[in-house]
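Residues in the sequence shown are numbered consecutively from 254, following our numbering.
What follows is a set of notes on a single structure, which appears directly below.
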Amino acid sequence: MVLYQEKTTLQAHGLPLSPEQEAMGSTSQIVSVLASTMSSSTTTAIFADNFFTSLELVRYLKDINCRYTGTVIENRIGKPALKPVKKMEKKTVPRGTIDYVSCDDGILVV
């Protein structure tokens, strides 16, 4: 069992990082390492808030067949970006309007 301990999680448990994990931000590294300790990632789904979510993490988890759902901060999406929050406020668009970006590799950002 790996216990989450903020910035010291990786050092406290002596968990090595792959080159792909090293390229991620520190919060995404933690989720990717915790996911790699699961016995069967193909039957696992991870849900997280915007503190942990990044496109790099989602791609990594997809590569190990692990499902992921999470909220994301605007500046962590990359290009092409979603419409700015100001343009999506309910005063400027009809209720229920959504914006999305999809990638060729099957990742969808709504």
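Glycine residues also receive a C-beta, built at the ideal position from the N, C-alpha and C atoms.
- By the beta-carbon neighbour count (other beta carbons within 10 angstroms, threshold 16), F304 is exposed.
- Assignment of beta-bridge partners to Y321 by DSSP yields I299.
- Taking all protein chains in view, the Cβ of S285 is crowded by 16 or more other Cβ atoms within 10 Å, so the residue is classified as buried.
- When the alpha-carbon of E273 is set against those of I317, L361, A265 and T350, the nearest one is in I317.
- Per DSSP, the continuous alpha helix (DSSP H) segment holding V286 begins and ends at S279 to S289.
- Within the DSSP bridge table, the entry for S293 names no partner.
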